[in-house]
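J.: Shown below is the structure under consideration.
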Ligand code: SF4
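In our numbering, the protein residues as written are 22 to 185.
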């Protein structure tokens, strides 16, 4: 089932059964079907779709049900291999703690802030996003584990907590 063509022809019920462990399986199965239909009827193939100009491809992805900024940018970064930084909840939390930025900062503003400082390699964009996820999962949790955090020397939140 690991191809869009198979997902497109599978029954909704079979798809639901297969992805059940991922949670929200009914909604996700519907979205997978509509994504595969969109790709084939609108573009002929995934390869053709991913060749579109970046702004057009991003708008096309965002026009689909269930695809927001983070999902669109994840597809752009990993599937289409475009230099687009993915801002997720971990990124917002970590950046707000390290630099004292507002946690509710606008997606586009934070993306621009990071992209303008990150350098120009695709691998760096991918790795940097993965590092945010690792840091968020292992240290910068809802209740942060600052002892042992690899960036604690640079973190405003950690300095403020130590001063308390
Ligand atoms: S030092 Fe603490 S608050 Fe700062 S990034 Fe690490 S875990 Fe988060």
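All C-beta atoms, glycine included, are put in the ideal place defined by N, C-alpha and C.
Would DSSP call residue 82 helix, strand or coil?
T.: Note: residue 82 maps to helix in three-state DSSP.
J.: By the three-class DSSP mapping on this structure, what secondary structure does residue 22 have?
T.: If DSSP states are grouped into helix, strand and coil, residue 22 belongs with coil.
J.: If we count the other Cβ atoms within 10 Å of its Cβ and call it buried at 16 or more, is residue 138 buried or exposed?
T.: That one is exposed.
J.: Is the beta carbon of residue 119 within less than 8 angstroms of some heavy atom of ligand 1?
T.: Residue 119: yes, Cβ under 8 angstroms from ligand 1.
J.: Output yes if chain C places a C-beta closer than 9 angstroms to the C-beta of residue 40; else output no.
T.: Absent from the structure is chain C; it holds one protein chain and no more.
J.: Determine the contact status of residue 108 and residue 78, defining contact as a CB-CB distance below 9 angstroms.
T.: Not closer than 9 angstroms, so no.
J.: Taking all protein chains shown into account, decide if residue 66 is buried (16 or more other Cβ within 10 angstroms of its Cβ) or exposed.
T.: Per the 10 Å Cβ criterion, exposed.
J.: For residue 178, is the beta carbon positioned less than 8 angstroms from some heavy atom of ligand 3?
T.: This structure lacks ligand 3; its bound ligands are ligand 1.
J.: For residue 183, which three-state DSSP category applies?
T.: If DSSP states are grouped into helix, strand and coil, residue 183 belongs with the helices.
J.: Distance, Cα to Cα, residue 56 vs residue 174?
T.: Taking the straight line joining both Cα atoms gives about 44 angstroms.
J.: Would you say residue 126 touches ligand 1, meaning its beta carbon is less than 8 angstroms from a heavy atom?
T.: No, the Cβ of residue 126 stays beyond 8 angstroms of every heavy atom of ligand 1.
J.: When we look at the beta-carbon of residue 116 and count the other beta-carbons within 10 Å, is it buried (16 or more) or exposed?
T.: When all chains shown are included, residue 116 counts as buried.
J.: When the Cα of residue 143 is compared with those of 104, 178, 181, which residue comes out closest?
T.: Closest by alpha carbon: 104.
J.: Could you tell me the boundaries of the alpha helix (DSSP H) in which residue 103 lies?
T.: That residue, residue 103, is in no alpha helix (DSSP H); it is neither H nor E in DSSP.
J.: For ligand 1, any of its heavy atoms closer than 8 angstroms to the Cβ of residue 130?
T.: No, the beta carbon of residue 130 sits no closer than 8 angstroms to any heavy atom of ligand 1.
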